[in-house]
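Numbers in the working numbering are just positions in the sequence shown, counted from 1, shifted up by 1.
First the structure, in the form of structure tokens, and then the observations on it.
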Amino acid sequence: LKMEYRAFFAKGSSELLPKYQTELDKVGEIMNMHNTATMRIEGSISENEIDDGDPIAKSNTPAKNRALMVKNYLLLKHGIEPSRLTTLNCEARAPIAPNDTEEGRSMNRRVYSVVTKPEEQEGNDYPSNLKAGICVEF
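Next comes the structure, spelled out in structure tokens:
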């Protein structure tokens, strides 16, 4: 079992749009069929969403909020146990596109997740962003 999930967000937003909810419903159904499956949820932002000001605002970034939106959706709608969901804050440190165009920035405002069974994680480098210190578990 290995299933990937991606959702993209508007600048400054953590609203999970209906099309991404539909995909997340499929993930929830699969996780309920495989009751030992776990999910790592990486939240990311574009460089133009970085807040260098208020430390409280900075600790509550859109990256965290996006990851929590996905986690809470699975908890509340599908009854997935919290221990099966790990949230990671990647901020703008793991871009998948250049941040010098709006198209690139929109690709970087995302949640990326992988669902696997625990026994399939053994020896697996996922998430490499966590091991490399790029993403921080919260």
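Glycine included, each C-beta is placed from N, C-alpha and C at the ideal position.
Cβ-Cβ distance between residue i and residue j below 9 Å
i    : j    : result
M40  : L86  : yes
K13  : P63  : According to the sequence displayed, residue 13 carries Gly and not Lys. Contact flag set, yes.
K3   : T117 : yes
S15  : N109 : no
F139 : N66  : no
C136 : E43  : yes
V115 : A8   : no
Per DSSP, the bridge partner or partners of residue i
i    : result
K27  : None; K27 has no bridge partner.
S114 : Y6 and I42
E50  : Note: E50 sits in no beta bridge, so no partner.
E138 : L89
Continuous beta strand (DSSP E) stretch holding residue i: start and end
i   : result
A8  : K3 to F9
S45 : T39 to S45
L86 : L86 to E92
Element boundaries [alpha helix (DSSP H), containing residue i]
i    : result
E104 : E103 to N109
L76  : P63 to H79
Nearest-angstrom Cβ-Cβ length linking residue i and residue j, presumed shorter than 8 Å
i    : j    : result
L142 : L75  : The shown model of the chain, from 2 to 139, leaves out residue 142, and the question about it has no answer.
A98  : G105 : 4 Å
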